[in-house]
Every structure is written in structure tokens, then in C-alpha cells.
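So for the sequence shown, full-length UniProt numbering puts the first residue at 1; every next one is plus one.
Beta carbons are placed, not taken as given, at the ideal position from N, Cα and C, and that holds for glycine.
Just so you know, these numbers come straight off a predicted model, no measurement behind them.
Single-structure report; data block below.
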Amino acid sequence: MQGNPTLLNEIYTELYITESESGEINNEHEVRQIETQSRRAATEDTPIKCNDIFRPLPGQDKPIRTVLTKGVAGIGKTVSVQKFILDWAEGKENQDVQLIFPLPFREINLMKDKTLSLSGLLNIFFPDTQEIKISFDEYKVLFIFDGLDECRLSLDFKSKVKLCNISESASVDVLLMNLIVGNLLPSALIWITSRPAAADLIPSECVHRVTEVRGFNDPQKEEYFRKRISDQSLANRIISHLKSSRSLFIMCHIPVFCWISAAVLEKMLSQAESGEIPKTLTQMYTYFLILQTNIKHEKDYEKNVTDEDMILKLGKLAFQQLVKGNLIFYDEDLRECGIDVTEASVYSGLCTQIFREELGLYQGKVFCFVHLSLQEHLAALYAHLSFTNKKKNVFDQNKHLLSRIFNQKKYSSLSELHQRAVNEALQSKNGHLDLFLRFFLGLSVDSNQTLLRKLLTQTGSCYHKKEETVEYIKQKIRENRSPEESINLFHCLNELGDDSLMQEIQDYLKSGEIRETKLSSSQWSALVYVLLTSEQKMDVFDLKQFIGKQHTTDEVLQYLLPVVKESRSVQ
């Protein structure tokens, strides 16, 4: 559908995959999980090649039937699955497996109300299986369930319904549950991929190995840009620009972010492009959106689709579904936002790099943004424009938000709405509004306002005092919040261009006075942020350099616990 396909083998860069201790749940926003992983030297983890996912490591003697692979959005889980299947199909690897059945959850969702037997389900997805009589006892078979986080079936592992025969019919969720538990086809191999927040949908006793796709480590990031950009001196300039901004370089663990940065920086550094080279996430994503709409103008059939209309409708979809926690959208989700399916197809043809329409094996249509962060950026843009152009406050129109707690309030300034957004993000259980908040605040900065004027003819202005927002965030940091919350709030200050708290701490660190100074709770939080986002690898972290007359060892340990957790060893 999209024209020139690229062969996987030409662009595949080996990903860093490790064995993980457990399928425990991480409730932080995924970008925060990436930052945590970026601090770790690669020495302690056991790397596993994608093709060895079912092979026990030395010293492991139990056979592995079910593997759960975790990884944040856009980190390379689906690409790993495709590479595994491709190497198998080309006869290079895992030749002891005779049949592979890839069943993505986003397509299984379309069958959620059907009653079928396992062989019936396979006949629908793989019509060829009707002709051949598969003897599951003789063949070694692998089922791949990609994208557990996109599953809209209720997988009930406490259910007493037991199926042992592949011709017995049941609802699709009961079929899957019996297959994963091992009542059905106990000899079959099962591979499930999931974003971390959904990994606990499968009980740990059903999983024999948990692996984690960590994306690119530092050398792999550089390899990606050198492969992607043929002009090597330009590639070097791009790499050194990204390294100069810690928050951008950390994000490069995610292959999709490398691809967005490459697209933006290749254009900006190779032309005499006016404007500031992006140093924050909001700048990078806003440039990317401008780049994509410029490409859209080069296509002929967009006469009747205005940028404004498209961005606002996609933004509304992005916001509503982000609040519900959905990354995959079906027809009814689109209709809620006033988009019909043909219109959505036009959008996905116009901005292939932002919004995708996928035709599955089962020929049902699903839509999604190319990456979660693009959805978060568009959602923030929608929230910002709704208020500046129409004085509409999107938070009170959404029943999935905490609006019931707040009175439906008329906001007179953007700073007040920002404070509301900070509260929404802080009260979200799994931090799923954290990156949205960074974008939402970042869009109000003057340099990003100038960028938006390139993109949209109508960008209303409204009363906004940045100082009020900054002061409110600092007040929240002073409230002694959890380290995860504080760290995102510092990222927000960074987007707003305020680094006053950080500078104080940097000065103390440089002068060596930190042991002699009585730090306030917000200064401790700033210290944690500075240590966690510095370039040094935390192999040995020495607490002594922070313990002085002003603070006891226990206090220092308590405040610096987040840094301790991420260090290899502590003195």
C-alpha cells in the first residue's frame, strides 16, 4: 500500500535484549523507564539474541515453553518478531520448529465476540490450514501473540473452563487462555510481547522466561545514525548535537525516536534552515509535525483537507484515546471524534509518518499513531489549541479524567489550565500523562509558539504567565513527592526553560560545598535529577561525598534512594 518497501535485512540493527528477573509491573511512564535503563552499564545483564529466545542459557536446564518479552512502545518488539520469523523462513535459525502462527492482538480483538474452536480460529487467520491436516502431536508449533497491551479481550486466568481439544469451541478469550496456560497443545511454544504496563495480565506461573527489549545501547544508537545517513560528516554532527542534550540522547534508546530525530536534524543541519536547532522534546516533535505537513503539501490530493482540520481531528482522537490508555483505534473510536473511515484513510495516506491504517490478516481495519509519543504530542497540541483558539478546556469534557473531583471551572489563563494539567498528571496511577504534560507546557514557550505559526494560520493567544506555572511546579516539588513524580516535574521545568533549581545544585557540586550546605527538600530532588541525568555511568556511587554535618547518613540515603537504586554498587 505504501509504495517503496524497505527490506528488513537491509536496515535491521541488532537490538539489546536481556533476560529479566520477573514480569513485575513498572508503573512509571515509559520514558522514565528508558532513562533508568540508560544509566546502567551493560556488564551485569545477560544479553540474549532474538533468535535464541527459546534456548536455555548455560546452567538453565528446564525447557522453555512460554516467553514473555517486555518493552516500551516503539522499542522494537514487533521488529524482533518479524526478524525471528524471517530468519526461520529463510532456513537460517530455529529449524526445529515446523510451523509458526503469528496472531497479533490488534487483529484478535476483531474476533472478540465470536465462538470458535482453535482450529476454526486458525482457519480464519490462515486459510491454508484448511487444506492440510496438521498433526499437532508430531509437529513443533510456535504461536506468537504480539502486543498484549493492545488486547481488548478479557483474559480471565481464574476461569474454570478447561479445553483440551483443538476442535472444541469456546469464546476467543477462553481459547487463548487455555492455550497460554497449556491445557490446549501443551507441547506448543508460546511467545507473547507486551508493553511493561500490561505484562502482568499473564500470571507469572504461566511464563517460563521473561525477556526485555532495551532498544539501542549507546554504540547501537551511533550505528543507527551512520547507517541511516549516508553523509558521514552530517551523521557525526547529528550524533554530537544529540549528545549535547541529555534528555534527547536518552530518548534515542527508542528506535522510533532516532528515526524522528534523524528526519528533523538531517534537514536542519544540512540546509541553512532558519530557527533554533531543537534542544527539547517539544521542539523536536513540533518540527517533525511541520516537516510532515510540508511533505503532505507535495502530494496532489490534499486540496480539500486543511492542515488545521486534520491536526485538530487527529489531536482530538489522540487526546481522548490517550486518556483511556488506548494506542489502537477501531471505527467506533474514530466516529466519536467526528472522523469517518474514508477520512481516516486519507489522513493516513497524507501523513504516513504520523498516522497509520493497517489491514490485518483478517482484513479488519485498525488505526494507530506511528508511535505513542506522536500521539502524546498531538494530544497536547489539541489541548493547547482548544484553549488558545476557542477557550475550551479539554479536561472537563472527558469523563475518564478526574474532572468529577474538580468543579467544572472556567479558566481565565493558560497558566491556570497548566496547573490543572499538572494535577491530572500527578494523580494518574501509571504516569501515562507525564509526557503529554511535558509537551503541553512546552508548547506555550515563545520559540514553540513561533514554530506553531509556521504550521497553523490560526493560533490564538491568551494570557499566560510562565512564572506562575514554574512557581506552581516548584511548589509541587517542595511537597516531597515520589522521586518519579519529581523527575518528571524537573523535565517540565526544562521544557519551560527554567533551570534555576538545577543551577544552584550544579554550583554546590562544582564548589564542593554540598556537604556543608543544608539542602531543602526541593534541592534534594534537584540533586537527584542532576545525578540521574548526568552522563556519568553510575557504576559505583559514593554517598560519602554528600554526608556532612548538616545531614545524617540516614537522611542522605533516604533522599538519594532513587540514585542508589540505579547504581551498580554503593559505598
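- Assigned with DSSP and collapsed to three states, Ser412 falls in coil, not helix or strand.
- Residue burial annotation: Pro104 is buried, with at least 16 other C-beta atoms found within 10 angstroms of its C-beta.
- Sequence-distant Cβ neighbours of Arg478 in its own chain, meaning closer than 8 angstroms and more than five residues away, are Ser520, Ser521, Ser522.
- DSSP places Arg209 outside any alpha helix (DSSP H); the residue lies instead in the beta strand (DSSP E), whose first and last residues are 209 to 213.
- Contact between Leu327 and Leu372 holds, with the beta-carbon distance rounding to 6 angstroms and staying under 8 angstroms.
- Beta bridge pairing from DSSP links Ser569 with Val540.
- Setting aside the 5 residues that flank it on each side, Gln419 is surrounded in the same chain by Tyr472, each with a C-beta closer than 6 angstroms to its C-beta; the list follows chain order.
- Under the three-state reduction of DSSP, Ala170 is assigned to strand.
- Nearest to Asp149 by alpha-carbon distance, out of Ile192, Asp137, Thr552, is Ile192.
- Residue burial annotation: Ile132 is exposed, with fewer than 16 other C-beta atoms found within 10 angstroms of its C-beta.
- About 7 angstroms separates the beta carbon of Asp333 from that of Leu317, a gap short enough to meet the 8 angstroms contact definition.
- For Pro483, there is no enclosing beta strand (DSSP E); the enclosing alpha helix (DSSP H) covers residues 483 to 495.
- Rounded to whole angstroms, the gap between the alpha carbons of Leu116 and Gly431 is 38 angstroms.
- Between the alpha carbons of Cys337 and Lys313 lies a gap of roughly 7 angstroms.
- Taken through DSSP and simplified to helix, strand or coil, Ser247 comes out as helix.
- Classified as exposed, Glu513 has fewer than 16 neighbouring CB atoms from the shown chains inside 10 Å of its CB.
- Between Pro255 and Gly442, the C-beta spacing is not below 8 angstroms.
- Counting every other CB atom within 10 Å of its CB across the protein chains shown gives Tyr382 a total of 16 or more, marking it as buried.
- Judged by DSSP secondary structure, Lys70 falls outside any alpha helix (DSSP H) and instead within the beta strand (DSSP E) spanning 66 to 70.
- Leu234 and Glu276 do not touch by the CB rule: their CB atoms are close to 19 angstroms apart, not below 8 angstroms.
- Following the DSSP letters along the chain, one finds Ser117 inside the beta strand (DSSP E) bounded by residues 115 to 117.
- Residue burial annotation: Gln283 is buried, with at least 16 other C-beta atoms found within 10 angstroms of its C-beta.
- Separation of Tyr139 and Ala188 (C-alpha to C-alpha, rounded to the nearest whole angstrom) is 9 angstroms.
- Sixteen is the threshold: when 16 or more other Cβ atoms of the shown chains lie within 10 Å of the Cβ of Val81, as they do, the residue is buried.
- In this structure, the beta-carbon distance from Ile505 to Leu489 does not fall below 8 angstroms.
- The straight-line gap separating the alpha-carbon atoms of Ala198 and Gln271 is approximately 43 angstroms.
- Remark: C-beta atoms of Ile166 and Ser135 do not approach each other more closely than 8 angstroms.
- When DSSP reads this structure, Glu19 sits in a beta bridge with Thr211.
- Residue burial annotation: Asp137 is exposed, with fewer than 16 other C-beta atoms found within 10 angstroms of its C-beta.
- Contact between His464 and Ser415 is confirmed by a C-beta separation of about 6 angstroms, below the 8 angstroms threshold.
- Restricting attention to beta strand (DSSP E) runs no shorter than 3 residues, the segment 335 to 397 encloses them at 355 to 359, 365 to 369, ordered along the chain.
- Across the set Cys151, Leu163, Leu176, Asn217, the C-alpha of Asn217 shows the shortest separation from the C-alpha of Pro47.
- In this structure, Val346 is the residue among Lys544, Thr280, Gly325, Val346 with its C-alpha nearest to the C-alpha of Asp309.
- Looking at the DSSP output, Ser261 bridges to nothing.
- In the DSSP annotation of this structure, the continuous segment of the alpha helix (DSSP H) that includes Leu452 starts and ends at 446 to 455.
- Taking a cut-off of 8 angstroms for Cβ pairs, the segment 241 to 249 and the segment 52 to 67 do not touch, as fewer than three such pairs fall below it.
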